[in-house]
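K.L.:
If you read the sequences in order, they're chains A and B. Each step along the first sequence adds one to the number in UniProt numbering, with nothing skipped, and position 90 is 90. Each step along the second sequence adds one to the number in UniProt numbering, with nothing skipped, and position 186 is 186. I'd like to ask some things about the structure below.
There are 2 protein chains.
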Amino acid sequence: MPSLVHYPLDPASRLIRLMCAEYGVPLDLEEVKPWLREEALLELNPAASLPILFTDAEMPIVGVLASIHAVEDFYTPEAVGGLFPAAPLDRAEMWRLAEWVLVKFDDEVTRYLIEEKIAKRDQRGATPEPSVLRAAKANLNEHMLYFNWLLASRNWLAGEEMTLADFALAAHFSTLDYMGDIDWAKAGSETRDWYSRLKSRPAFRTLLNDRVVAMPPSKGYADLDF
Amino acid sequence: MPSLVHYPLDPASRLIRLMCAEYGVPLDLEEVKPWLREEALLELNPAASLPILFTDAEMPIVGVLASIHAVEDFYTPEAVGGLFPAAPLDRAEMWRLAEWVLVKFDDEVTRYLIEEKIAKRDQRGATPEPSVLRAAKANLNEHMLYFNWLLASRNWLAGEEMTLADFALAAHFSTLDYMGDIDWAKAGSETRDWYSRLKSRPAFRTLLNDRVVAMPPSKGYADLDF
Numbered sequence: 001m002p003s004l005v006h007y008p009l010d011p012a013s014r015l016i017r018l019m020c021a022e023y024g025v026p027l028d029l030e031e032v033k034p035w036l037r038e039e040a041l042l043e044l045n046p047a048a049s050l051p052i053l054f055t056d057a058e059m060p061i062v063g064v065l066a067s068i069h070a071v072e073d074f075y076t077p078e079a080v081g082g083l084f085p086a087a088p089l090d091r092a093e094m095w096r097l098a099e100w101v102l103v104k105f106d107d108e109v110t111r112y113l114i115e116e117k118i119a120k121r122d123q124r125g126a127t128p129e130p131s132v133l134r135a136a137k138a139n140l141n142e143h144m145l146y147f148n149w150l151l152a153s154r155n156w157l158a159g160e161e162m163t164l165a166d167f168a169l170a171a172h173f174s175t176l177d178y179m180g181d182i183d184w185a186k187a188g189s190e191t192r193d194w195y196s197r198l199k200s201r202p203a204f205r206t207l208l209n210d211r212v213v214a215m216p217p218s219k220g221y222a223d224l225d226f
Numbered sequence: 001m002p003s004l005v006h007y008p009l010d011p012a013s014r015l016i017r018l019m020c021a022e023y024g025v026p027l028d029l030e031e032v033k034p035w036l037r038e039e040a041l042l043e044l045n046p047a048a049s050l051p052i053l054f055t056d057a058e059m060p061i062v063g064v065l066a067s068i069h070a071v072e073d074f075y076t077p078e079a080v081g082g083l084f085p086a087a088p089l090d091r092a093e094m095w096r097l098a099e100w101v102l103v104k105f106d107d108e109v110t111r112y113l114i115e116e117k118i119a120k121r122d123q124r125g126a127t128p129e130p131s132v133l134r135a136a137k138a139n140l141n142e143h144m145l146y147f148n149w150l151l152a153s154r155n156w157l158a159g160e161e162m163t164l165a166d167f168a169l170a171a172h173f174s175t176l177d178y179m180g181d182i183d184w185a186k187a188g189s190e191t192r193d194w195y196s197r198l199k200s201r202p203a204f205r206t207l208l209n210d211r212v213v214a215m216p217p218s219k220g221y222a223d224l225d226f
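Take a look at the structure:
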């Protein structure tokens with residue numbers, strides 16, 4: 001069985017878990033906290049980033065871009081097709097939004113909130129820095145406006161097909177939602193409907209059962225009707 | 001003819017220019033300064049990131065991930081094969097290092113130096129912040145050690161084949177080298193030899209003629225024997 005070195009609330013790890021679940025590929029999970037930069041992790045990946053995927057091959061697949069392509073190469077069920085659209089321009093739109101989420105959204109929102117709210121729990125005496133939390137939340141609001149604008153004119157994030165871009169954003173949303181950082185009462189209804197559709201997929205179940213020690217998820221995290 | 005909205009010293013734009021040159025695809029170039037966030041750029045790409053590739057299709061290809069895949073899909077010469085290795089595990093190693101360069105190296109080194117040394121020239125009265133320059137250079141030194149360690153045991157960055165990962169790192173190096181931020185006297189000989197091989201490729205010529213107004217390149221930037 002393939003296995004994944006992951007952290008439960010790491011959005012890149014969640015994306016690969018979602019893809020594997022969608023494709024019916026069971027995964028053994030091994031948990032690691034990347035911010036501790038432990039020797040065992042650095043030996044696998046000197047970048048200390050996640051996820052790291054072990055397929056049946058001898059070599060680990062390191063990082064989210066390598067893992068996305070490996071899952072798509074190795075595990076796409078022929079009958080249903082994968083999460084990459086067949087038409088080149090649809091794929092380009094998917095990559096545009098995948099990059100938006102994996103690089104820009106992560107850089108402006110998610111990684112700050114994970115650093116402040118989760119990684120700092122492992123530093124004695126460290127507490128979240130309010131100015132950083134405020135900046136990340138202000139950025140999140142801007143991104144939410146854009147996603148809502150997009151989803152008002154299309155069924156899925158990158159067009160009329162569900163793609164990798166949807167899974168990437170849903171992975172980030174699920175992490176933020178666990179930490180209580182998405183205010184669904186204020187979110188646009190298009191975004192809320194879109195997330196509700198994704199959250200109802202069987203592939204999502206594995207994420208909704210995740211629990212981090214001494215940090216229960218926000219109310220509504222696992223509710224399909226949130 | 002395809003065209004590219006780019007900035008001459010933007011490493012992501014340089015990567016796509018290198019790929020197109022390697023594949024024999026001429027490009028019309030349109031220059032833009034992304035940090036000015038001008039309306040014309042935001043209309044094409046609300047993320048205000050580069051590059052943006054116009055193929056013969058009606059829709060622009062936005063961002064570096066979308067452009068990499070589009071160039072590979074549309075323009076790979078069948079006779080020579082592309083910059084993605086054929087074997088899945090070799091591709092995984094290519095993506096690991098492409099992500100290292102496009103995300104980690106950019107995030108820890110290149111984007112700070114571009115912001116401080118180039119973008120700030122367009123802000124009246126702004127000057128480069130010495131502490132940021134120092135941190136970026138310290139990070140650069142760490143990355144150089146890793147690249148040199150890798151290149152001591154393999155011909156190319158991701159293995160025995162030249163791949164996208166080589167072009168990605170060479171694009172970043174060429175930007176840093178233009179600004180005089182690589183100390184070749186101190187760089188490991190493996191890295192220097194590797195860059196010399198890439199710089200000698202015909203595809204590289206287009207980059208070596210770039211000039212930024214009122215900012216001449218460092219001595220040795222365009223020399224093949226540097």
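The beta carbon of each residue, even a glycine, is placed where N, CA and C say it ideally should be.
Against residue 257 (chain A), what residues of chain B qualify as contacts under a CB-to-CB distance less than 8 Å, listed in chain order?
P.N.:
There is simply no residue 257 (chain A) to check, as chain A begins at 1 and stops at 226 in what is shown.
K.L.:
By DSSP's criteria, W156 (chain B) is part of a beta bridge. Which residues make up the other side?
P.N.:
By one-based count along the second sequence, residue 156 (chain B) stands at place 156. DSSP lists B:G159 as partners of W156 (chain B).
K.L.:
From A48 (chain A) to Y7 (chain A), what does the alpha carbon distance come to, in whole angstroms?
P.N.:
As a first step, residue 48 (chain A) must be located in the first sequence, where it is residue number 48. As a first step, residue 7 (chain A) must be located in the first sequence, where it is residue number 7. Taking the straight line from one Cα to the other gives about 12 Å.
K.L.:
Does any residue of chain B bring its CB to less than 7 Å from the CB of H172 (chain A)?
P.N.:
Stepping through the first sequence from its first residue, residue 172 (chain A) is reached at position 172. No, H172 (chain A) lies away from the interface with chain B (no Cβ there is under 7 Å from its Cβ).
K.L.:
Look up I16 (chain A) in the DSSP assignment and say whether it is helix, strand or coil.
P.N.:
By one-based count along the first sequence, residue 16 (chain A) stands at place 16. Three-state DSSP puts I16 (chain A) in a helix.
K.L.:
Count the other CB atoms, across all protein chains shown, that sit within 10 Å of the CB of V64 (chain A); report buried if there are 16 or more and exposed otherwise.
P.N.:
To locate residue 64 (chain A), count along the first sequence from 1; it is residue 64. Classification for V64 (chain A): buried.
K.L.:
Let me see if you follow: with CB-CB separation under 7 Å, is residue 233 (chain A) close to chain B or not?
P.N.:
Coverage of chain A is limited to positions 1 through 226, which leaves residue 233 (chain A) absent and any answer about it impossible.
K.L.:
Could you compute how far the alpha carbon of A185 (chain B) sits from the alpha carbon of E38 (chain B)?
P.N.:
Here the question's residue 185 (chain B) lines up with position 185 in the second sequence. Here the question's residue 38 (chain B) lines up with position 38 in the second sequence. About 40 Å.
K.L.:
Quick one: does A70 (chain B) have its CB under 7 Å from some CB of chain A?
P.N.:
For the purposes of this step, residue 70 (chain B) is identified with residue 70 of the second sequence, where counting begins at 1. With 7 Å as the cut-off, A70 (chain B) counts as an interface residue toward chain A.
K.L.:
Let me know the secondary structure DSSP gives L27 (chain B) once reduced to three states.
P.N.:
Numbered from 1 along the second sequence, position 27 holds the residue referred to as residue 27 (chain B). Residue state, collapsed to three classes: coil.
K.L.:
Shorter than 7 Å from the beta carbon of A92 (chain B) to some beta carbon of chain A?
P.N.:
The residue labelled residue 92 (chain B) in the question sits at position 92 within the second sequence. True, the Cβ-Cβ gap to chain A drops below 7 Å.
K.L.:
Could you check how far apart the C-beta atoms of L9 (chain A) and R17 (chain A) are, in whole angstroms? I think they sit under 8 Å.
P.N.:
As a working note, residue 9 (chain A) is residue 9 in the first sequence. As a working note, residue 17 (chain A) is residue 17 in the first sequence. Their Cβ separation, rounded to whole angstroms, is 12 Å, which puts L9 (chain A) and R17 (chain A) out of contact at 8 Å.
K.L.:
My guess is that D106 (chain A) and P34 (chain A) are in contact by the Cβ rule of under 8 Å, so how many angstroms apart are they, rounded?
P.N.:
Taking the first sequence and counting its residues from 1, the one referred to as residue 106 (chain A) is at position 106. Taking the first sequence and counting its residues from 1, the one referred to as residue 34 (chain A) is at position 34. Going by Cβ atoms, the distance from D106 (chain A) to P34 (chain A) rounds to 13 Å, so no, they are not a contact pair.
K.L.:
Of all Cβ atoms in chain A, is any one closer than 7 Å to the Cβ of W184 (chain B)?
P.N.:
The residue you call residue 184 (chain B) lines up with position 184 of the second sequence. For W184 (chain B), the answer is no, since every Cβ of chain A falls outside 7 Å of its Cβ.
K.L.:
Can you look up F84 (chain A) in the DSSP assignment and give me helix, strand or coil?
P.N.:
For this step, residue 84 (chain A) is matched to residue 84 along the first sequence. Coil.
K.L.:
Using alpha carbons as the reference points, say which of A:D223, A:V212, A:M215 lies closest to S200 (chain A).
P.N.:
Along the first sequence, one-based indexing puts residue 200 (chain A) at 200. Of the candidates A:D223, A:V212, A:M215, the one whose C-alpha sits nearest the C-alpha of S200 (chain A) is A:D223.
K.L.:
Count the other CB atoms within 10 Å of the CB of S67 (chain A); is the residue buried (16 or more) or exposed (fewer)?
P.N.:
Counted from its first residue, the first sequence places residue 67 (chain A) at position 67. So S67 (chain A) counts as buried.
K.L.:
Under 7 Å between C-beta atoms, does W100 (chain B) make it to chain A?
P.N.:
Within the second sequence, the letter at position 100 stands for residue 100 (chain B). Chain A contact via Cβ: present.
K.L.:
Consult DSSP for V103 (chain B) and reduce its assignment to one of helix, strand or coil.
P.N.:
Along the second sequence, read from residue 1 onward, the residue named residue 103 (chain B) stands at position 103. Looking at V103 (chain B) - three-state DSSP - the assignment turns out to be helix.
K.L.:
If distances are taken between C-alpha atoms only, which option among B:W95, B:S174, B:L145, B:G188 comes closest to P217 (chain B)?
P.N.:
Walking along the second sequence from the start, residue 217 (chain B) turns up at place 217. Comparing Cα-Cα distances from P217 (chain B) to each of B:W95, B:S174, B:L145, B:G188, the minimum goes to B:S174.
K.L.:
Output needed for V132 (chain A): all residues of its chain with C-beta closer than 7 Å, excluding positions within five of it in sequence on either side, in chain order.
P.N.:
Reading the first sequence from its first residue, position 132 is the one you call residue 132 (chain A). Result list for V132 (chain A): Y112, E116, in chain order.
K.L.:
Between the C-alpha atoms of S3 (chain A) and Y23 (chain B), what's the straight-line distance to the nearest angstrom?
P.N.:
Stepping through the first sequence from its first residue, residue 3 (chain A) is reached at position 3. Stepping through the second sequence from its first residue, residue 23 (chain B) is reached at position 23. Computed Cα separation, rounded: 37 Å.
K.L.:
Alpha carbons only, please: which of B:K219, B:M19, B:D90, B:V212 is nearest the one belonging to I118 (chain B)?
P.N.:
Working through the second sequence from its first residue, we reach residue 118 (chain B) at position 118. Answer by Cα proximity: B:V212.
K.L.:
Taking all protein chains shown into account, do 16 or more other C-beta atoms lie within 10 angstroms of the C-beta of S13 (chain A), making it buried, or fewer, making it exposed?
P.N.:
As a position in the first sequence, residue 13 (chain A) is number 13, starting the count at 1. Buried, because 16 or more other Cβ atoms sit within 10 Å of the Cβ of S13 (chain A).
K.L.:
Could you give the first and the last residue of the continuous alpha helix (DSSP H) run that contains S67 (chain B)?
P.N.:
As a first step, residue 67 (chain B) is located in the second sequence; it is residue number 67 there, counting from the start. Counted as a single uninterrupted DSSP element, the alpha helix (DSSP H) harbouring S67 (chain B) occupies residues 64–75.
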